[in-house]
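Chemist: All residue numbers for the sequence shown refer to our numbering, where the first residue is 68 and numbers rise by one. Using N, Cα and C, we set each Cβ at its ideal position, and we do this for glycine too.
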Amino acid sequence: MLLNVTPDHLDRHGSIEAYGRAKARMFENQTAEDAAVINADDAIAPQYAPSGPRVFYFSREKRVASGCYLRGDEIVFRCDGTETVLLLRKDIGLRGSHNIENVLAAAAAARLAGAEPVAIAEGVRTFAGVEHRIEYVATISGVEYFNDSKATNVDATLKALDAFPGNVLVILGGKDKGSDYRILRQALRSHARMALLIGSAAEKIEAELAGVIPVERAETLARAVEIAARHARPGDIVLLAPACASFDQFENFEQRGRVFKQLVRELEKEHAA
Numbered sequence: 068m069l070l071n072v073t074p075d076h077l078d079r080h081g082s083i084e085a086y087g088r089a090k091a092r093m094f095e096n097q098t099a100e101d102a103a104v105i106n107a108d109d110a111i112a113p114q115y116a117p118s119g120p121r122v123f124y125f126s127r128e129k130r131v132a133s134g135c136y137l138r139g140d141e142i143v144f145r146c147d148g149t150e151t152v153l154l155l156r157k158d159i160g161l162r163g164s165h166n167i168e169n170v171l172a173a174a175a176a177a178r179l180a181g182a183e184p185v186a187i188a189e190g191v192r193t194f195a196g197v198e199h200r201i202e203y204v205a206t207i208s209g210v211e212y213f214n215d216s217k218a219t220n221v222d223a224t225l226k227a228l229d230a231f232p233g234n235v236l237v238i239l240g241g242k243d244k245g246s247d248y249r250i251l252r253q254a255l256r257s258h259a260r261m262a263l264l265i266g267s268a269a270e271k272i273e274a275e276l277a278g279v280i281p282v283e284r285a286e287t288l289a290r291a292v293e294i295a296a297r298h299a300r301p302g303d304i305v306l307l308a309p310a311c312a313s314f315d316q317f318e319n320f321e322q323r324g325r326v327f328k329q330l331v332r333e334l335e336k337e338h339a340a
């Protein structure tokens with residue numbers, strides 16, 4: 068499955084084209100008996116559709132010739148001209164429109180692997196998400212805290228911000244990967260009211276977001292949580308969605324996310340006391 072091709076690891080690959088070619092190598096050993104599932108809505112991914120395997124697409128914007136698409140509230144699988152409703156949009160309990168795309172991709176793959184629609188629907192309904200991906204942590208004094216430490220690039224942070232209607236205090240920063248943080252400006256203007264900056268990329272992020280929303284340099288994650296808690300009001304969201312790698316201050320994004328959750332739980336205990 069090729070879910071998207073968006074700027075990431077450009078410090079290693081040098082260009083989005085080189086990064087796309089590296090991703091597409093996963094199709095190289097496929098034969099005519101295999102299947103490739105590709106995001107039809109992504110601006111770049113369809114360019115890397117392979118010639119060897121059968122190709123299926125997924126889309127939440129339009130009907131596809133073969134694959135999975137969103138039709139009103141139905142998720143439909145189309146193959147050889149036959150359409151099958153696999154599940155309903157309301158069956159998806161995860162936040163964010165990107166998770167509709169993820170379900171479309173997973174449902175297509177499951178159907179191609181022989182899963183029945185009732186089993187696919189049940190799998191989606193009972194899936195509560197995974198750690199570090201817009202993971203709910205706690206509600207403290209009417210403020211909800213979410214851990215999306217897996218948002219290690221700008222596109223992932225855009226998707227995380229889009230999952231909330233507004234009033235977000237977002238924690239950004241870490242190790243820069245050659246990203247353009249200016250891409251975040253409109254999403255921050257629409258969804259966030261404050262950004263707390265941590266890590267070695269903080270100076271670059273602050274310069275590229277200048278004038279969009281209030282920004283405060285927190286340096287560390289502990290300090291960012293402290294500042295966010297002080298500024299947050301009931302109904303606000305505190306979101307860790309760094310848009311950066313974690314290696315300047317943490318072993319990996321998992322450790323960063325677990326530290327964030329521990330900080331929030333300590334804050335929760337303080338308020339309870």
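#1: S126 lies in the beta strand (DSSP E); which residues open and close that run?
#2: Give a yes or no on contact between the region 318–328 and the region 252–262, applying the rule of three or more CB pairs nearer than 8 Å.
#3: In whole angstroms, give me the CA-to-CA distance for K226 and A116.
#4: Looking at the strands, I want to know which residues DSSP matches up with G134.
#5: Between which residues of its own chain and V104 is the CB-CB distance below 6 Å, once the five residues before and five after are set aside?
#6: May I ask you to verify whether the region 150–166 touches the region 216–236, counting CB pairs closer than 8 Å and requiring at least 3?
#7: DSSP three-state call for G324: helix, strand or coil?
#8: Relative to the C-alpha of Y203, which candidate in R156, K157, A112 and A308 has its C-alpha closest?
#9: Look up R162 in the DSSP assignment and say whether it is helix, strand or coil.
#10: Just confirm the distance between the C-beta atoms of D243 and S267, as a whole number of angstroms; I'd bet it's less than 8 Å.
#11: Would a C-beta distance cut-off of 8 Å place G119 and A89 closer than the cut-off?
#12: Strictly by DSSP, which residues pair up with R284?
#13: What residue range is occupied by the uninterrupted alpha helix (DSSP H) comprising T224?
#14: Which residue from E183, L306 and I265 puts its Cα closest to that of A223?
#15: Going by DSSP, which residues form a beta bridge with I105?
#16: CB-CB under 8 Å to R332, same chain, minus the five flanking residues each way: which ones, in chain order?
#17: If E168 sits next to L288, beta carbons under 8 Å apart, how far is it from one beta carbon to the other, in whole angstroms?
#18: Are there 16 or more other CB atoms within 10 angstroms of the CB of E150, so buried, or fewer, so exposed?
#19: First and last residue of the beta strand (DSSP E) that includes Y203?
#20: Output the distance between the C-alpha atoms of F231 and D215, rounded to the nearest integer angstrom.
Modeler: According to the data block:
#1: For S126, the enclosing beta strand (DSSP E) stretches over residues R121 to S126.
#2: no
#3: 24 Å
#4: G134 pairs with Y124 and R145.
#5: M68, F123, A172, A175 and A176
#6: At 8 Å Cβ cutoff, the stretches touch.
#7: helix
#8: A308
#9: coil
#10: Going by Cβ atoms, the distance from D243 to S267 rounds to 7 Å, so yes, they are a contact pair.
#11: Not a contact, by the Cβ cut-off of 8 Å.
#12: R284 is bridged to L264.
#13: V221 to D229
#14: L306
#15: DSSP lists L69 and Y124 as partners of I105.
#16: Non-local C-beta neighbours of R332 in its own chain, meaning closer than 8 Å and more than five positions away in sequence, comprise V204 and A205, ordered along the chain.
#17: Actually they are not in contact, since the Cβ atoms of E168 and L288 sit about 29 Å apart, beyond 8 Å.
#18: exposed
#19: E202 to I207
#20: If you take the alpha carbons of F231 and D215, they lie about 13 Å apart.
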